[in-house]
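Novice:
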Amino acid sequence: MRALWKLTLIGAKLYLREPVAAFFTIVYAPMMLILFGSIYGNTPSPLFGGRGTIDISVPAYIGLIIVTVGLMSVPIAVATRREAGVLRRYHATPLRPVIYLTADVLVYFGMTLLGVVFLILTGRIGYNVHFDGNWVSVLVGFSLGTLSFFAFGFLIAGLAPTARIAQTVGMVIAFPMMFLSGATIPLEVLPATVRELARLIPLTYVVTLLRGLWAGEAWSEHLTEVVVLVGLLVVGTAISAKTFRWE
Amino acid sequence: MDTIVQVEGLCKTYGATVAVDEISFEVQEGEIFGMVGPNGAGKTTTIECIEGLRRPEGGSLRVLGLDPQADGYDLRARIGVQLQESSLPDRLKVWEALDLFASFYRRSVDWRSLLDQLGLADKCSAPFGKLSGGQKQRLFIALALLNDPELIFFDELTTGLDPQARRAMWDMVRDTRARGKTVFLTTHFMEEAERLCDRVAIMDHGHIVALDTPEQLIRSLGAESRVVFSIEGDFASESLSESLQVLATVSRVEHAGERVIVYGKGDTLVGEVVNALTSRGTRFRDLRTEQPTLEDVFLTLTGREMRD
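Line order of the protein sequences matches chains Y and S. Residue numbers 9 to 255, in our numbering, belong to the letters of the first sequence in order. Residue numbers 334 to 641, in our numbering, belong to the letters of the second sequence in order.
1) Looking at chain Y, which residues of the segment 349-364 of chain S have a Cβ within less than 7 Å of any of its Cβ atoms?
2) State the CB to CB distance for the pair Ala217/Y and Gly153/Y, rounded to an integer number of angstroms; the pair is presumed to be in contact (CB under 8 Å).
3) Within the continuous beta strand (DSSP E) that includes Gln339/S, where are the two ends?
4) Could you give the distance in angstroms between the alpha-carbon of Leu453/S and the alpha-carbon of Met502/S?
5) Can you list, in chain order, the residues of its chain whose CB lies under 8 Å from that of Ser145/Y, leaving out five sequence neighbours each side?
6) So the beta strand (DSSP E) His230/Y belongs to, where does it begin and stop?
7) Looking at C-alpha atoms only, which residue of Leu544/S, Val427/S, Glu418/S is the closest neighbour of Thr305/S?
8) Who does Glu623/S pair with in a DSSP beta bridge?
9) State yes or no: is the beta carbon of Thr101/Y nearer than 9 Å to at least one beta carbon in chain S?
10) Closer than 7 Å by C-beta to Arg219/Y: which residues in its own chain qualify, once you throw out the five before and the five after it? Chain order, please.
11) Indicate whether Gly131/Y and Leu195/Y have their beta-carbon atoms separated by less than 9 Å.
12) Please check the pair Val533/S and Leu632/S, which I expect to be a contact at CB under 8 Å, by giving their CB distance rounded to whole angstroms.
13) Should Asn372/S be labelled buried (16 or more other beta-carbon atoms within 10 Å of its own) or exposed?
14) Using a Cβ cut-off of 9 Å (strictly closer), state whether Arg219/Y contacts chain S.
15) Let me know the beta strand (DSSP E) ranges lying completely inside the segment 577-635 of chain S, each 3 residues or longer, listed in chain order.
16) Below 7 Å CB to CB, which residues in the same chain sit around Phe162/Y once its five sequence neighbours on both sides are set aside?
17) For Glu359/S, does the three-state DSSP call read helix, strand or coil?
18) Is the CB of Leu155/Y under 9 Å away from at least one CB in chain S?
19) How many Å lie between Val583/S and His540/S at the Cα?
20) Cα separation between Leu79/Y and His538/S?
21) Since Glu415/S contacts Leu490/S with CB under 8 Å, what's their CB separation in whole angstroms?
22) Taking Cβ-Cβ distances shorter than 9 Å, what residues in chain Y pair up with Asp432/S?
23) In the DSSP assignment, what residue or residues form a beta bridge with Gly391/S?
24) Chain S partners of Gly93/Y, CB-CB under 8 Å?
25) For Ala11/Y, go through chain S and note every residue whose CB falls closer than 7 Å to its CB, in chain order.
26) Can you tell me where the beta strand (DSSP E) holding Thr515/S begins and where it ends?
27) Determine contact between the segment 347-360 of chain S and the segment 175-195 of chain Y, defined as no fewer than three beta-carbon pairs at a distance below 8 Å.
28) Under 8 Å: does the beta carbon of Asn480/S sit that close to some heavy atom of the ligand COA?
29) Taking the CB atoms as reference points, tell me whether Ile337/S and Gln361/S lie closer together than 9 Å.
30) Using a threshold of 9 Å, state whether the C-beta atoms of Ala174/Y and Ala165/Y are closer than that.
31) Could I get the ranges of all uninterrupted beta strand (DSSP E) runs contained in the segment 462-545 of chain S, with 3 residues as the minimum, in chain order?
32) Comparing C-alpha positions only, which one of Gly370/S, Glu359/S, Ile365/S, Leu394/S sits nearest to Cys344/S?
33) Can the beta-carbon of Asp488/S be found closer than 9 Å to that of Thr519/S?
34) Identify whether Phe150/Y lies in helix, strand or coil by the three-state DSSP scheme.
35) Is Leu494/S closer than 9 Å to Ser558/S when the C-beta atoms are compared?
36) Taking just the CA atoms, how far does Trp428/S sit from Ala459/S?
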């Protein structure tokens, strides 16, 4: 237990010492919110079912933070540490892989949550964002989306032969996802063909689920999202467990 | 003395390459055991199989009475490992690394005193990425000693270190042994193996080609002494060679410009060479003799061609 605690604590410190990762996890989404908030404000719009831009952007940007950590931070960090020989050093101790991986997931989860808290605070303080859902539901939905994308990220790191490839693959997948899933630009304002395309993108399901739960919709209305994300979580975890290697 | 490491018929291949080919040896408790060999001879593979980090294809291994594959976690709780290639995150501070690794063991020594012993106390808050090569190496040694291990592995301990640091490492290894530990090291510095090790295994192409104390290895080879000198003035080198070659103790003569190297055996070699030179009236300077070293043994057994 002491090893798990120390690994998590040090992992969090190391994460925050990496300026790029810290920026994209904690600063980027609130910054976008302020940017679009200053353009559109939070006036209710019929396009968003009587909600304002900020009301739909806050839950959507949670998806943005999730994809940034899951598909950029995770594959880069995991593959880089493996390639540099950091994992070899751990392997030469009695540390068990499950402890190491649990700590890693806890760190990324905590960092994602930290980014989300900053985002919500920005929306709350700056634009008085409306929240019609249930916090527990949103937290559960957030956890499902986050863990699915971590599994996706570990899968990329596990399959990529080198850190450079892991980084490239993560970015190539992450960037189009950000813009085609409704995470950055609401799907409502995108053309129908893009909306069709969005259904093939896993992040769409995170954004749709979180926007729905945020607006107080029931889980029964989002069974498709749950099935897709649980599927991603199971497949990603299975493949990353199989492909995990210390070096 | 008890056998602490027992290797029997160890085999390991990577694809079509046979890295280790059925080697057998034992390491006794309390000794400094060295493994030398050219790059790619199979030293690191052997050591990493013993540590349980690699799975051998054949043979049996017992280390501290444990099977490194089946009881890997128990084994690594009791051994200290300094890997030839490993790293830590650049932004991890020295004290954080020690504090973190200490948490992996049920019992650990006070890492502050380790830092003092290894001369790293003033680097306590320095990030790993800012340490020099020698400092990184010392940190890795501190990590290897953290659990007060019974058996410690040093893989290429002094590679990349300057002569001062290298000698400090030798002292550290001797201290470790003096505290009752067993040391298993690999090196490609023959001088290091000769000065430090109680017994040395010479590895080449996945085989152990010789295993004994450094003194015995040198003696068993019956290696030749060398008399080296420079000659002055004009002379016919052919005739010089001939007049030295006829001496009973001399086996061969080499020339390189002014430099002459005479190979031979026996205590009278130097005297006979000097006599011959004086009686010929050849003027010479900078004469010295060189005794065979472990390096000669090594080169004789593993050949002189360049390796990758």
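A virtual CB, placed ideally from N, CA and C, is assigned to each residue, including glycine. The structure displayed is predicted, hence computed values, not measured ones.
Specialist: Short version:
1) Interface annotation for the segment 349-364 of chain S against chain Y: empty, criterion Cβ-Cβ distance under 7 Å.
2) Looking at the sequence itself, residue 217/Y is Leu, so the reference to Ala does not match. Leu217/Y to Gly153/Y, Cβ: 7 Å. Contact.
3) Following the DSSP letters along the chain, one finds Gln339/S inside the beta strand (DSSP E) bounded by residues 336-347.
4) Those two C-alpha atoms are separated by around 14 Å.
5) Cβ neighbours of Ser145/Y beyond the five flanking positions: Leu221, Trp227.
6) Note, His230/Y: premise wrong, no beta strand (DSSP E); not H, not E.
7) In the structure displayed, chain S extends from 334 to 641; residue 305/S sits before or after that span and is not available.
8) In DSSP, Glu623/S forms a bridge with Arg559/S.
9) So yes, Thr101/Y belongs to the interface.
10) Short of 7 Å from the beta carbon of Arg219/Y, and not among the five residues preceding or following it, lie these beta carbons of its own chain, in chain order: Ile64, Pro67, Ala68.
11) Going by C-beta atoms, Gly131/Y is not nearer than 9 Å to Leu195/Y.
12) At roughly 14 Å, the Cβ-Cβ gap does not stay under 8 Å, so Val533/S and Leu632/S are not in contact.
13) Its Cβ having fewer than 16 others within 10 Å, Asn372/S is exposed.
14) Under the 9 Å criterion on CB atoms, Arg219/Y is classed as non-interfacial with respect to chain S.
15) For the segment 577-635 of chain S, whole beta strand (DSSP E) runs of length 3 or above, ordered along the chain, are 583-589, 592-597, 617-623.
16) Cβ-Cβ distances below 7 Å link Phe162/Y to Val82, Val86, Gly244, Ser248 in the same chain, with the five nearest sequence neighbours on each side left out; the list follows chain order.
17) In the three-state reduction of the DSSP assignment, Glu359/S falls in the strand class, which pools E and B.
18) No, its Cβ sits nowhere closer than 9 Å to a Cβ of chain S.
19) C-alpha separation (whole angstroms): 33 Å.
20) Spanning the two alpha carbons is a distance of roughly 43 Å.
21) Checking the sequence shown, residue 415/S turns out to be Gln, not Glu. The Cβ separation is near 6 Å, so the contact holds.
22) Neighbours of Asp432/S on chain Y, chain order: Lys14, Ile18.
23) Bridge partners of Gly391/S: Cys344/S.
24) The contacting residues are Leu416, Glu418, Ser419, Ser420.
25) The contacting residues are Ser436, Phe437.
26) For Thr515/S, the uninterrupted beta strand (DSSP E) segment begins and ends at 515-520.
27) They do not touch, by the three-pair rule.
28) Inclusion of the ligand COA in the displayed structure is not the case, the ligand content being empty and no account of it being possible.
29) Yes, the pair counts as a contact, with Cβ atoms nearer than the cut-off.
30) Yes, Cβ-Cβ distance for Ala174/Y and Ala165/Y is below 9 Å.
31) Listed in chain order, they are 484-488, 515-520, 532-537, 540-545.
32) Nearest Cα to Cys344/S within the set Gly370/S, Glu359/S, Ile365/S, Leu394/S: Leu394/S.
33) In this structure, Thr519/S lies closer than 9 Å to Asp488/S by Cβ.
34) Phe150/Y falls in the helix class under three-state DSSP.
35) No. Outside cutoff.
36) Spanning the two alpha carbons is a distance of roughly 8 Å.
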